[in-house]
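Chemist: In terms of the numbering used here, the sequence shown opens at residue 2 and continues consecutively.
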Amino acid sequence: MVSLSPYTTFKVGGPVDLFFEPENIWELARVCTFLEEEGIPKFLLGGGSNLLVRDGGVRGACLSLRKLRGFEVLGDELWVEAGLSLKSLLDLCVQYGLSGLEFLSGVPATVGGAVAMNAGAFGFEIKDFLTQVTLLGQGHFVTKARDALAFSYRGLGLPEGAVVVAARFKLVRRTPQEVREKISFYLKERRRRQPLSFPSAGCVFKNPGQVAAGYLIEAAGLKGFSRGGAQISRKHANFIINRGKARADDILFLVDLVKEEVFRQFGLELEEEIKIVGEA
Ligand SMILES: Cc1cc2nc3c(=O)[nH]c(=O)nc-3n(C[C@H](O)[C@H](O)[C@H](O)COP(=O)(O)OP(=O)(O)OC[C@H]3O[C@@H](n4cnc5c(N)ncnc54)[C@H](O)[C@@H]3O)c2cc1C
Numbered sequence: 002m003v004s005l006s007p008y009t010t011f012k013v014g015g016p017v018d019l020f021f022e023p024e025n026i027w028e029l030a031r032v033c034t035f036l037e038e039e040g041i042p043k044f045l046l047g048g049g050s051n052l053l054v055r056d057g058g059v060r061g062a063c064l065s066l067r068k069l070r071g072f073e074v075l076g077d078e079l080w081v082e083a084g085l086s087l088k089s090l091l092d093l094c095v096q097y098g099l100s101g102l103e104f105l106s107g108v109p110a111t112v113g114g115a116v117a118m119n120a121g122a123f124g125f126e127i128k129d130f131l132t133q134v135t136l137l138g139q140g141h142f143v144t145k146a147r148d149a150l151a152f153s154y155r156g157l158g159l160p161e162g163a164v165v166v167a168a169r170f171k172l173v174r175r176t177p178q179e180v181r182e183k184i185s186f187y188l189k190e191r192r193r194r195q196p197l198s199f200p201s202a203g204c205v206f207k208n209p210g211q212v213a214a215g216y217l218i219e220a221a222g223l224k225g226f227s228r229g230g231a232q233i234s235r236k237h238a239n240f241i242i243n244r245g246k247a248r249a250d251d252i253l254f255l256v257d258l259v260k261e262e263v264f265r266q267f268g269l270e271l272e273e274e275i276k277i278v279g280e281a
């Protein structure tokens, strides 16, 4: 059993029965086939930055893709494997003078997780810069054009069990200095708006329509509300932070409280953006 807490940015959660970290895509394919043949459920782990693992942990297998970090620069296109962190992706963008993805700076995710979640910020989404995504499913690799995929707000309708293995981005040529400056701008904005000195999973809820979930949570009077070691951030109400000793249960209590209060006061149902896995 491996504790998943250190693998998530919330830093909470119990252990998983089996943990695999394939060295390359061929090993990944072999592990997936083995799990399918044995009927062992799997869940995919990228940067763990959108995950809340319950305190009882996860039955089955966790597949961490962090070792899949290959890349290739093809003119103004960049092909990268799913386990590459967005930080490393942006380092490549600076090195090769490729612009477009700077809005993702400060998001502690992997490419695979960001594609699977269609990560977005500052009015952009990762899908806007994708040309192709390579998926692994039922033992086969298939590369699909961006427009053949069902991206939505913070989602990508993947077939059951499919793994994002690699992605190809079309970017714009700029000088490394220009790319670096844009990254600094977005990082500064993020630090100004978000409580980055505590563990969290970013925004907990999706925005319902045009209203920001954070605005509703603040208007409901819930900013700063805490339970155990978890707190609804005073800086950004859509963040729940771990003040040091939170358990997943504390965070789940606050998630339910927010949903109940926002519904009671405004008649709006908030939907979680974070993925909640495991058992209590
Ligand atoms: C400080 C902070 C700031 C954040 N800011 C933003 C933001 O501005 N915008 C935003 O959209 N999000 C933001 N997030 C949330 C999070 O970073 C994104 O949702 C990100 O896309 C998750 O990527 P990950 O690699 O960490 O995925 P994980 O959290 O590991 O997984 C998320 C989901 O994707 C699935 N998954 C992971 N990898 C793959 C794969 N290769 N193939 C198929 N499925 C996979 C997992 O099973 C899970 O269901 C923030 C989080 C933090 C902590």
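Heads up, the beta-carbon is just placed ideally off N, CA and C, and yes, glycines get one too.
Could you tell me whether the segment 166 to 176 touches the segment 76 to 89, where touching means 3 or more Cβ pairs closer than 8 Å?
Modeler: In short, these stretches touch, since the Cβ pair count reaches three.
Chemist: If contacts are defined as beta-carbon pairs under 8 Å, then lysine 236 and glutamine 195 qualify, I think. What distance do you get, rounded to the angstrom?
Modeler: 7 Å between Cβ atoms; contact.
Chemist: Tell me which residue opens and which closes the alpha helix (DSSP H) that phenylalanine 199 is part of.
Modeler: Per DSSP, phenylalanine 199 belongs to no alpha helix (DSSP H) and is neither H nor E.
Chemist: Which residue marks the beginning of the alpha helix (DSSP H) containing serine 89, and which one marks its end?
Modeler: Residues 87 to 97.
Chemist: Less than 9 Å between the C-beta atoms of valine 205 and phenylalanine 254, yes or no?
Modeler: No, Cβ-Cβ distance for valine 205 and phenylalanine 254 is not below 9 Å.
Chemist: Is arginine 155 a contact residue of ligand 1, with contact defined as CB to any heavy atom under 8 Å?
Modeler: At least one heavy atom of ligand 1 is nearer than 8 Å to the Cβ of arginine 155, so yes.
Chemist: Have a look at proline 200 and glycine 230 and give me their C-alpha separation to the nearest angstrom.
Modeler: About 11 Å.
Chemist: Once DSSP output is grouped into helix, strand and coil, what is the label at aspartate 251?
Modeler: Helix.
Chemist: Using the rule of at least 16 other Cβ atoms within 10 Å of the residue's Cβ for burial, across every protein chain shown, is lysine 189 buried or exposed?
Modeler: Per the 10 Å Cβ criterion, exposed.
Chemist: Grab me the residues of alanine 122's own chain with a C-beta within less than 6 Å of its C-beta, minus the 5 sequence neighbours each way, in chain order.
Modeler: Counting only Cβ-Cβ distances below 6 Å, and skipping sequence neighbours, we find Phe104.
Chemist: Report buried or exposed for threonine 149, applying the criterion of at least 16 other Cβ atoms within 10 angstroms of its Cβ.
Modeler: Position check: residue 149 holds alanine in this sequence, whereas threonine was assumed. Exposed, since its Cβ has fewer than 16 Cβ neighbours within 10 Å.
Chemist: Quick check on this structure: which residue in Ser234, Asp56, Gly215, Lys207 has the alpha carbon closest to the alpha carbon of glycine 156?
Modeler: Selected option, being the one with the closest Cα: Lys207.
Chemist: For phenylalanine 267, does the three-state DSSP call read helix, strand or coil?
Modeler: Here phenylalanine 267 sits in helix by DSSP.
Chemist: Let me check you understand the geometry: is the CB of arginine 147 closer than 8 Å to at least one non-hydrogen atom of ligand 1?
Modeler: Arginine 147 Cβ: outside cutoff for every heavy atom of ligand 1.
Chemist: At the level of alpha carbons, what is the spacing between leucine 226 and phenylalanine 130?
Modeler: Contrary to the premise, residue 226 reads as phenylalanine rather than leucine in this sequence. Rounded to whole angstroms, phenylalanine 226 to phenylalanine 130 spans 38 Å at the Cα level.
Chemist: Taking 8 Å as the cut-off, is the beta-carbon of glutamate 280 closer than that to any non-hydrogen atom of ligand 2?
Modeler: What this structure holds is ligand 1, not ligand 2.
Chemist: With three or more C-beta pairs closer than 8 Å as the rule, is the segment 242 to 249 touching the segment 19 to 37?
Modeler: Segments in contact, no.
Chemist: Using 9 Å as the threshold, is the C-beta distance between lysine 276 and leucine 53 below it?
Modeler: Yes. Within cutoff.
Chemist: So, do the segment 40 to 50 and the segment 101 to 116 have three or more beta carbon pairs nearer to each other than 8 Å?
Modeler: Short answer: they touch.
Chemist: Taking the alpha helix (DSSP H) that threonine 34 falls in, what are its first and last residues?
Modeler: 26 to 39 is the extent of the alpha helix (DSSP H) around threonine 34.
Chemist: Tell me the rounded alpha-carbon separation between phenylalanine 142 and arginine 70.
Modeler: Near 17 Å, if we compare the C-alpha coordinates of arginine 70 and phenylalanine 142.
Chemist: May I ask you to report which of helix, strand or coil DSSP gives glutamine 53?
Modeler: Before going on, a small fix: residue 53 reads as leucine here, not glutamine. It is a strand residue.
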